[in-house]
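**Student:**
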Amino acid sequence: MSHHVLIALMLAAVVTSMAAGDDKPPPFKITTKRDDDRVATKVESDKATISVHSPFGISHAVIVPTSEKWPDAFVLRLHLKGLENFKVTNGKVKLEASASVQEGKPVVRLWKDGKEDMPLESKSPFWMDVRILDEDGRPAKEIPLKGGCFEIQLPKTFFEGNPKSITATWIDFYRS
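Here the sequence shown stands for residues 11 to 186, where the numbers follow this note's numbering.
1. Between the beta-carbon of T42 and the beta-carbon of S61, is there less than 8 Å?
2. Could you give the uninterrupted runs of the beta strand (DSSP E) lying entirely in the segment 75-144, keeping only those of 3 residues or more?
3. Would you mind reading off the limits of the beta strand (DSSP E) that contains S61?
4. Determine whether the beta carbon atoms of D144 and L155 lie at a separation below 8 Å.
5. Please state whether DSSP places F168 in a helix, a strand or coil.
6. Determine the burial state of N100: buried for a count of at least 16 other Cβ atoms within 10 Å of its Cβ, exposed for fewer.
7. Beta strand (DSSP E) containing F38: first to last residue?
8. Tell me which same chain residues have a C-beta within less than 6 Å of the C-beta of T179, skipping the five on either side of it?
9. Can you grab the Cα-Cα spacing for the pair P37 / I153, in whole Å?
10. I'd like the span of the beta strand (DSSP E) that includes R48, first residue to last.
11. Using the C-alpha atoms, what's the distance from W137 back to G171?
12. In terms of alpha-carbon separation, which member of A50, N95 and K166 lies closest to H63?
13. Output needed for P44: all residues of its chain with C-beta closer than 6 Å, excluding positions within five of it in sequence on either side, in chain order.
14. With DSSP collapsed to three states, give me the class of E152.
15. Residues in its own chain within less than 8 Å of K102 by CB, not counting five upstream and five downstream?
16. Three-state secondary structure (DSSP) at Y184?
17. Which residue or residues does DSSP assign as beta-bridge partners of F160?
18. Apart from the five residues on each side of it in sequence, which residues of its chain come closer than 7 Å, Cβ to Cβ, to P35?
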């Protein structure tokens, strides 16, 4: 067994045990690329929020639901200083984004299936709501973020066909 596979299995066990504060099984099995990535899961009614702290700034997470279907609302919170590139795939569709702040205002670009020259419009069924938040949960006025996060709500359309897993990949502008 390779060193990376062993680390991934250990991380999956840690994330699973962290999410299992009660007798209910954790809602997701989440495996991250790096051993210093930290993941927390919160599920309220039919909304899941996955918070990822990625100190190195370049990594990915494979998220597998432990129930038969995905929640109606799915939010990823990436605790990074900047978001140079974000990708999420369900095996059929790949959505991508980059986010920054210019003159105190968020600047977010979204595209699908590698077609960066064809940005998604807000009316697209694949539109992702991306919010750039400061440490108090308010819209950030500058980057690099200091304790804030990039909050990405994945579109319901992304979960059609009930994918077995999704993989999210990120690159921080200000990686360590």
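C-beta atoms are modelled at their ideal positions from N, C-alpha and C, and glycine is treated no differently.
**Tutor:** According to the structure data:
1. Counting from 1 along the sequence shown, the entry for residue 42 is found at position 32. Counting from 1 along the sequence shown, the entry for residue 61 is found at position 51. Taking 8 Å as the Cβ cut-off, T42 and S61 do not qualify as a contacting pair.
2. 83-89, 93-99, 104-112, 115-122 and 139-143
3. Residue mapping note: residue 61 aligns to position 51 of the sequence shown, counting from 1. Unbroken beta strand (DSSP E) run through S61: K57 to H63.
4. As a first step, residue 144 is located in the sequence shown; it is residue number 134 there, counting from the start. As a first step, residue 155 is located in the sequence shown; it is residue number 145 there, counting from the start. Closer than 8 Å, so yes.
5. If you number the sequence shown from 1, residue 168 lands on position 158. Residue state, collapsed to three classes: helix.
6. Taking the first residue of the sequence shown as position 1, residue 100 is located at position 90. When all chains shown are included, N100 counts as buried.
7. Counting from 1 along the sequence shown, the entry for residue 38 is found at position 28. Unbroken beta strand (DSSP E) run through F38: F38 to T42.
8. Taking the sequence shown and counting its residues from 1, one reaches residue 179 at position 169. H70 and K97.
9. Taking the sequence shown and counting its residues from 1, one reaches residue 37 at position 27. Taking the sequence shown and counting its residues from 1, one reaches residue 153 at position 143. If I take the Cα positions, the gap works out to 32 Å.
10. Here residue 48 refers to the residue found at position 38 of the sequence shown. Element bounds for R48: R48 to E54.
11. By one-based count along the sequence shown, residue 171 stands at place 161. By one-based count along the sequence shown, residue 137 stands at place 127. Taking the straight line joining both Cα atoms gives about 18 Å.
12. Stepping through the sequence shown from its first residue, residue 63 is reached at position 53. The candidate whose alpha carbon is nearest that of H63 is A50.
13. Numbered from its first residue, the sequence shown carries residue 44 at position 34. Residue identity check: residue 44 is Arg in the sequence provided, not Pro. Excluding sequence neighbours, R44 sits near F66 and S69.
14. Start at 1 with the first residue of the sequence shown, and residue 152 comes out as number 142. Residue state, collapsed to three classes: coil.
15. If you number the sequence shown from 1, residue 102 lands on position 92. Around K102: G171 and P173.
16. Translated into positions along the sequence shown, residue 184 becomes position 174. If DSSP states are grouped into helix, strand and coil, Y184 belongs with coil.
17. Numbered from 1 along the sequence shown, position 150 holds the residue referred to as residue 160. In DSSP, F160 forms a bridge with L88 and I142.
18. Translated into positions along the sequence shown, residue 35 becomes position 25. Counting only Cβ-Cβ distances below 7 Å, and skipping sequence neighbours, we find T76.
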